[in-house]
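Comments concern the structure below.
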Amino acid sequence: MVFSLGPTARSAGTRLEAFDSIGSTNAEALSRARAGERGPLWLVTDRQTAGRGRRDRAWQSPPGNLAASVLEVMEVAPAAAATLGFAAGVALEGALQAVSVEARMRAAGQDAISFALKWPNDVLAGGRKLSGILLEAEPLGGSALAVVVGIGVNVVAAPEATIFPATSLHGVGIHVGAAELFMALAEEWARLRALWDDGRGFAAVRNLWLERASGLGGEVNVRLSGTTVSGVFETIDETGCLVVKTASGERVPIAAGDVYFGGAASAGAS
Ligand code: BTN
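This is the structure:
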């Protein structure tokens, strides 16, 4: 498959390397950073053999799905870098909107599909998981931090028997290829990366994220290691934590966990 960058990404100085197949684009990006690569560099493929997911899970990337990681070495505090995943979620949602409009114009009469963001940075289509984002960071010495944002999208196929129900773009009737989606993603990423501005623009990114958030104001159960926090999904705070307001009125900020909405919450959290 031929992957390429559009004008906004190229003018931001971004480079691209594509692979027919690779273990994990995130693992490759971190190894490049250790060897001196500074980025911004996209590593992209439509087939991974050892994809990594959040919370030490595996990520399945069968042929035809999109797996892409962008590496940049930054002089930012790890806490600020942790908010970059929200910029990636907003960028991906924008890219999905753009390619689905194009796909609908090709297949006249097709219904619009709406996408939503699920904390921390999944994209949902029709309430099912369409994509995941894995943000990894590694100190390189001094104040330099290698930051890798890895994005996986189920383009042609979705895994079965996952903890969250999954879907694919083809499964919801959006017939685009991984290369078309990647070009739109890299364009949106260049815009959101600039808005994020090494963390100084996180307030603006956060507003965009909240406008696209799934489940905001509704009941959630958030499963952490060993415990579950239940209540209302109130907001995300200025550090990117999910804020749950419990029945006692306490606001609990959560940095990492699995979110279950509404009825699925009780089932998932049992
Ligand atoms: C999740 O668990 O939801 C996050 C999945 C992230 C998968 C992507 S695919 C590209 C990049 N390379 C990896 O090994 N993982 C990320």
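Every position in the sequence shown, counted from 1, becomes a number in this note's numbering once 573 is added.
By construction, the Cβ of each residue, glycine as well, lies at the ideal position given by its N, Cα and C atoms.
Evaluate the contact criterion for the region 618-634 versus the region 592-602: three or more CB pairs, one atom per stretch, below 8 Å. yes
For residue 695, is the classification buried or exposed, using 16 other Cβ atoms within 10 angstroms of its Cβ as the cut-off for buried? buried
Does the region 637-649 come into contact with the region 713-720, if we say contact requires no fewer than three beta-carbon pairs (one atom in each stretch) closer than 8 Å? yes
Would you kindly work out how many angstroms separate the C-alpha atoms of residue 715 and residue 636, rounded to a whole number? 39 Å
Going along the chain, which residues of its own chain have a beta-carbon closer than 8 Å to the beta-carbon of residue 791, five neighbours each way excluded? 805, 806, 834, 835
Taking Cβ positions, are residue 846 and residue 767 nearer each other than 9 Å? The requested residue 846 does not occur in the structure, where the chain is confined to residues 574 to 843.
Under 9 Å, do residue 866 and residue 639 count as touching if we go by C-beta distance? Given that the chain is displayed from residue 574 to residue 843, the structure contains no residue 866 and the question cannot be resolved.
Give the single residue among 830, 725, 671, 811 whose Cα lies nearest to the Cα of residue 760. 671
Local Cβ density within 10 Å of residue 609, reported as buried at 16 or more and exposed below that: exposed
Close beta carbons around residue 755, own chain, < 7 Å, minus the five adjacent residues each side: 576, 617, 639, 641
Let me know if residue 693 comes out buried or exposed under the rule of 16 or more other beta-carbons within 10 Å of its beta-carbon. buried
Terminal residues of the continuous beta strand (DSSP E) containing residue 588? 588-592
Mind reading off the beta-carbon distance from residue 599 to residue 709? Whole number of angstroms is fine, and I expect it under 8 Å. 6 Å
Which residue comes first and which comes last in the alpha helix (DSSP H) that contains residue 669? 657-679
Could you pull the start and end residues of the beta strand (DSSP E) that residue 796 belongs to? 792-797
Please say whether residue 690 and residue 785 have beta carbons closer to each other than 9 Å? yes
Could you check whether residue 698 and residue 735 sit closer than 9 Å to each other, using their CB atoms as the reference points? no
Under three-state DSSP, which class holds residue 808? strand
Using CA coordinates, which residue listed in 668, 588, 713, 683 is at the minimum distance from residue 607? 713
Do you know offhand how far residue 829's Cα is from residue 794's? 13 Å
By Cβ distance below 7 Å, which residues in the same chain neighbour residue 731 in space, the five residues on each side in sequence not counted? 739, 740, 741, 744
When you compare only the Cα positions, how much space is there between residue 815 and residue 602? 28 Å
Please classify residue 703: is it buried, with 16 or more other beta-carbons within 10 angstroms of its beta-carbon, or exposed? buried
Over what stretch of residues does the alpha helix (DSSP H) that includes residue 761 continue unbroken? 751-769
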